[in-house]
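For reference, the structure discussed in these notes is given below.
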Amino acid sequence: MPTFSVKLDEQSRAKVQAAASQRGVTPHAFMVQAIELAVTRSEEEDALVQRALQARQNLLQTGVVLDGSAMAEYLKDKVRGGTRKRPAAQGLEKLLAPRS
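The structure is reproduced here in structure tokens:
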């Protein structure tokens, strides 16, 4: 298995050793876990950005959206066991039109 070398200053080294000791693992195991966590978070962030870009592309292609306030009220009602009907999708122009 290839290895990486990580240079840490004394303060960081002491923090890693203290954190590892507190968790009952070696400093090496602590750093491996930290790297795995950072990679997982990075992958999840990348996936979130991709979903957002896809949603934006879908909006640009269809022009169909849900009213955020209406959806929030629907979800709150649903969590409380209510029977409110899910808000209908509508054209962006209608949603942005001035309300009287």
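Heads up: the sequence shown begins at 2 in my numbering, then just goes up one per residue. Cβ coordinates follow ideal geometry from the N, Cα and C atoms, glycine included.
- Relative to the C-alpha of residue 13, which residue among 4, 28, 2, 24 is closest? 28
- Item | Own chain, CB closer than 7 Å to residue 20, minus 5 neighbours either side, in chain order | 31
- Message: Considering only their Cβ atoms, is the gap separating residue 92 from residue 69 smaller than 8 Å?
- Response: no
- Message: Can you give me the C-alpha to C-alpha distance between residue 35 and residue 2, rounded to a whole angstrom?
- Response: 18 Å
- Query: For residue 92, which three-state DSSP category applies?
  - Reply: strand
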